[in-house]
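>
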Amino acid sequence: MINCMCVIQAGQAPDQQRAALATALNRFAGEFLHEQLTVNWVPVPAGNGFTAGEPSTSSVVSLTAPEALSQTRRETLLRELVSLWTRQTGCSVDEIVAVIADPVQH
5 MINCMCVIQA GQAPDQQRAA LATALNRFAG EFLHEQLTVN WVPVPAGNGF TAGEPSTSSV
65 VSLTAPEALS QTRRETLLRE LVSLWTRQTG CSVDEIVAVI ADPVQH
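The sequence shown lines up with residues 5 to 110 when you count with my numbering.
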């Protein structure tokens, strides 16, 4: 099971949209990473997130791949993840930070 953390600005994604995003993220994980994921929503309270001195409209979507990825594979997956997020939310590519990290080596 993959943990996915979605940092969003307060009021940015109502519960119904969060459910649709979680479903889309799970499809992404199943299709491209062959795993299911758990989405953890982290809302940033109003007045606590800023970009260039203005209230932020950015989101961060971060997950860890089940195995180390080549740079080419990571780029492909990040493009797909950003595309998924922008389609679902209507935000621009400038409003999404996507991370797909390699697993931590112990």
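Where a beta carbon is used, it is the ideal one built from N, C-alpha and C, also for glycine.
Output the distance between the C-alpha atoms of Gly-34 and Arg-91, rounded to the nearest integer angstrom.
If you take the alpha carbons of Gly-34 and Arg-91, they lie about 18 Å apart.
> Keeping to the same chain, check which residues put their C-beta closer than 6 Å to that of Gln-7; ignore five residues upstream and five downstream.
Looking at the sequence provided, one finds Asn at residue 7 rather than Gln. So the list reads Thr-42, once near-sequence residues are dropped.
> So, for Arg-78: in the same chain, excluding its five sequence neighbours on each side, which residues have a beta-carbon less than 7 Å away from its beta-carbon?
Excluding positions up to five away in sequence, the list reads Ile-104.
> Output the distance between the C-alpha atoms of Gly-53 and Gln-13, rounded to the nearest integer angstrom.
Straight-line Cα distance between these residues: approximately 7 Å.
> Run the proximity test for Trp-45: is its beta-carbon closer than 7 Å to any non-hydrogen atom belonging to the ligand SAH?
The ligand SAH is not among the ligands present in this structure, which contains no ligands whatsoever.
> Any idea what DSSP makes of Gln-109, helix, strand or coil?
Note: Gln-109 maps to coil in three-state DSSP.
> For Asn-44 and Met-9, which I take to be in contact (beta-carbon distance under 8 Å), what is that distance rounded to the nearest angstrom?
About 5 Å separates the two Cβ atoms, so the contact holds.
> Quick check on this structure: which residue in Glu-99, Asp-106 and Val-108 has the alpha carbon closest to the alpha carbon of Thr-55?
Out of Glu-99, Asp-106 and Val-108, Glu-99 has the C-alpha closest to the C-alpha of Thr-55.
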